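Chemist: Right, I'll just put the structure down here and ask away after.
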Amino acid sequence: MTDACIVGWAHSAFGKREDAPDLETLMAGVARAAIEDAGIAPEEIDAGFVGVFGEGFTPQGFPASLVLQSVPELRFKPITRMENACATGSAAIHAARDFIAAGRGRLALVVGAEKMTSTPGPKVGDILLTASYRKTEQDIEGGFAGVFARIAEAYFQKHGDQSDALAAIAAKNHRNGVDNPWAQMRKDLGYAFCRTESEKNPFVARPLKRTDCSLVSDGAAALVLADADTAAGLAKAVRFRAAVQVNDFLPIAVRDITRFEGAREAWARAYAQAGIGVGDLSFVETHDCFTIAELIEYEAMGLAAEGQGGRAALEGWTAAGGRLPVNRSGGLKSKGHPIGATGVSMHVLAAMQLTGAAGAMQLPRAELGGVFNMGGAAVANYVSILERAR
Numbered sequence: 005m006t007d008a009c010i011v012g013w014a015h016s017a018f019g020k021r022e023d024a025p026d027l028e029t030l031m032a033g034v035a036r037a038a039i040e041d042a043g044i045a046p047e048e049i050d051a052g053f054v055g056v057f058g059e060g061f062t063p064q065g066f067p068a069s070l071v072l073q074s075v076p077e078l079r080f081k082p083i084t085r086m087e088n089a090c091a092t093g094s095a096a097i098h099a100a101r102d103f104i105a106a107g108r109g110r111l112a113l114v115v116g117a118e119k120m121t122s123t124p125g126p127k128v129g130d131i132l133l134t135a136s137y138r139k140t141e142q143d144i145e146g147g148f149a150g151v152f153a154r155i156a157e158a159y160f161q162k163h164g165d166q167s168d169a170l171a172a173i174a175a176k177n178h179r180n181g182v183d184n185p186w187a188q189m190r191k192d193l194g195y196a197f198c199r200t201e202s203e204k205n206p207f208v209a210r211p212l213k214r215t216d217c218s219l220v221s222d223g224a225a226a227l228v229l230a231d232a233d234t235a236a237g238l239a240k241a242v243r244f245r246a247a248v249q250v251n252d253f254l255p256i257a258v259r260d261i262t263r264f265e266g267a268r269e270a271w272a273r274a275y276a277q278a279g280i281g282v283g284d285l286s287f288v289e290t291h292d293c294f295t296i297a298e299l300i301e302y303e304a305m306g307l308a309a310e311g312q313g314g315r316a317a318l319e320g321w322t323a324a325g326g327r328l329p330v331n332r333s334g335g336l337k338s339k340g341h342p343i344g345a346t347g348v349s350m351h352v353l354a355a356m357q358l359t360g361a362a363g364a365m366q367l368p369r370a371e372l373g374g375v376f377n378m379g380g381a382a383v384a385n386y387v388s389i390l391e392r393a394r
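The sequence shown begins at 5 in our numbering and counts up one residue at a time.
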């Protein structure tokens, strides 16, 4: 087996992309650009892996070969669509890594994309609910936000009201998003705004307000993976020290949902695989679909003890200058969450940090990065540990 390195990438703006009317336009904005960034010819790509959520944001239900619209040189190459709810982008990356590890090729293109804003709001909510267990969670008030509101309520009952901590997480991520040129919302909203219910920040599903919820977005990201030998001859390379996937039960009723046990297991396996602990990480990009998710993820990654995630937020541990910067990109909260693109985006932004190419987002210490991307309510859990190879 041979491991894979990230050797090139591209990222689109996230948001309401009226200039990109459909999925193939979004893909076209990043696919060839990632190949060019890697410094290779399109013909050298051996396979493609496309991440698009599978539940109805686009009428085009067979998107894999849409990449050919902008990169016709990939005609007759194998291209496969991957899907795993909100972790769809990471699923595509894992498939590409497996392709290379199996020796089937040297170079693979991964594209993640989603066109969400053309879908009416009520339909968006119904589509997102497909990432929950319909049999028992279908009628939870507030849709998918309601699912995470129920998680927040359970956590509050167990560990006390964490509304201050959730507001701190939201404010941090909006502050970070100002520095991200691709973020959907580049505005520092401030702690007071995020903490206070108002006409502009109403409750979506108590105790979660609008500032606790990630954004409905259009966007795309792409990266190129190469085997280690090929990567050694290219201008830059980011190596996977670990790459782990862990799945848990779909129904939240059969788990202790306040603990994100699948995420805990994925982080534990990734640390073991990489031979490190949380204290060795320079930064983390984590899946803050809702602020309560980021709070619980602090505990799952081992940064804070169980029930103490709020302390990490309130004491600034996860700020840009803190003990472990989390979501320096602004996270899903500020950057946006075009589902199929999210996992790819997280890996691209981590690779940029590690290679000193993150611009205004750049951290002074970026030696080892963690990425956590999840599908559903901690159901499909993916952790990557990344470091610069060259």
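Heads up, the beta-carbon is just placed ideally off N, CA and C, and yes, glycines get one too. If you're wondering where the values come from, they're calculated on a predicted model, not measured in any experiment.
1. Name the DSSP bridge partner or partners of residue 296?
2. Based on DSSP bridge pairs, tell me the residues matched to residue 53.
3. For residue 388, count neighbouring Cβ atoms within 10 angstroms of its own Cβ and tell me buried if that reaches 16, exposed if not.
4. Measure the alpha-carbon distance for residue 66 versus residue 85 and round it to whole angstroms.
5. With residue 146 and residue 89 assumed to form a contact (beta carbons below 8 Å), what rounded beta-carbon distance in angstroms separates them?
6. Pick out the complete beta strand (DSSP E) segments inside the region 210-271, 3 residues or longer, and give them in chain order.
7. Whole angstroms are fine: how far does the CA of residue 231 sit from the CA of residue 256?
8. Could you check whether residue 11 and residue 235 sit closer than 7 Å to each other, using their CB atoms as the reference points?
9. Nearest-angstrom Cα distance between residue 187 and residue 18?
10. Any contact between the region 304-320 and the region 202-216? By contact I mean 3 or more CB pairs, one from each, below 8 Å.
11. Going by the CB atoms, is the gap between residue 347 and residue 377 shorter than 7 Å?
12. From the beta carbon of residue 135, is the nearest beta carbon of chain C less than 7 Å away?
13. Can you tell which of 14, 9, 7 has the C-alpha that lies nearest to the C-alpha of residue 225?
14. Using DSSP with H/G/I as helix, E/B as strand and the rest coil, what is residue 384?
15. In whole angstroms, what separates the C-alpha of residue 5 from that of residue 112?
16. Does residue 196 come out as helix, strand or coil in the three-state DSSP assignment?
17. Have a look at 195, 72, 49 and flag the residue whose alpha-carbon is nearest the alpha-carbon of residue 30.
18. Do you know whose CA, among 340, 367, 252, 260, lies nearest residue 154's CA?
19. At what residues does the alpha helix (DSSP H) containing residue 31 begin and finish?
20. Exposed or buried, which one is residue 393 when buried takes at least 16 other CB atoms within 10 Å?
21. Is the region 352-365 close to the region 211-222, with three or more CB pairs under 8 Å?
22. I'd like to know whether the C-beta atoms of residue 223 and residue 82 end up nearer to each other than 7 Å.
23. For residue 218, which residues in the same chain have their Cβ closer than 6 Å to its Cβ, ignoring the five residues on either side in sequence?
24. Let me know if residue 258 comes out buried or exposed under the rule of 16 or more other beta-carbons within 10 Å of its beta-carbon.
25. What three-state label does DSSP hand residue 39 in the structure shown?
26. Going by DSSP, what residues sit across from residue 104 in a beta bridge?
27. What is the DSSP secondary structure of residue 119, counted as helix, strand or coil?
28. Taking DSSP's pairing of strands, which residues face residue 13 in a bridge?
29. Who are residue 373's beta bridge partners in DSSP?
30. Residue 135 by DSSP, collapsed to three states: which one?
31. Per the DSSP calculation, residue 378 is bridged to which residue(s)?
32. Residue 193 to residue 103, Cα distance in whole Å?
33. Rounded to whole angstroms, what's the CA-CA distance from residue 123 to residue 233? Just pull it up for me.
34. Provide the residue(s) that pair with residue 8 in DSSP beta bridges, ordered along the chain.
35. How is the alpha helix (DSSP H) around residue 184 delimited, first residue to last?
36. Tell whether a beta-carbon distance below 7 Å holds between residue 74 and residue 32.
Modeler: From the atom records:
1. The partner list for residue 296 (beta bridge, DSSP) is empty, contrary to what the question assumes.
2. 84, 114
3. buried
4. 8 Å
5. 18 Å between Cβ atoms; not a contact.
6. 222-231, 242-251
7. 39 Å
8. yes
9. So the alpha carbons of these two residues sit roughly 6 Å apart.
10. no
11. Inclusion of residue 377 and residue 347 in the CB contact set at 7 Å is warranted, their separation being smaller than that value.
12. Here chain C cannot be found, since the structure has a single protein chain.
13. 14
14. strand
15. Any reading at residue 5 must be qualified, since the residue scores a pLDDT of 40, below 50, and its modelled position is unreliable; the value itself is stated next. Whole-angstrom Cα-Cα distance: 16 Å.
16. DSSP places residue 196 in helix when its eight states are reduced to three.
17. 72
18. Out of 340, 367, 252, 260, the CA that lies nearest to the CA of residue 154 is found in 260.
19. 27-32
20. buried
21. Counting Cβ pairs under 8 Å, fewer than three are found: no touch.
22. no
23. 293, 336, 337, 341, listed in sequence order.
24. exposed
25. helix
26. DSSP lists no partner for residue 104.
27. strand
28. Beta-bridge pairing links residue 13 to 227.
29. 287, 390
30. helix
31. 385
32. 43 Å
33. 44 Å
34. 231
35. Where residue 184 is concerned, there is no enclosing alpha helix (DSSP H), given that its DSSP letter is neither H nor E.
36. yes
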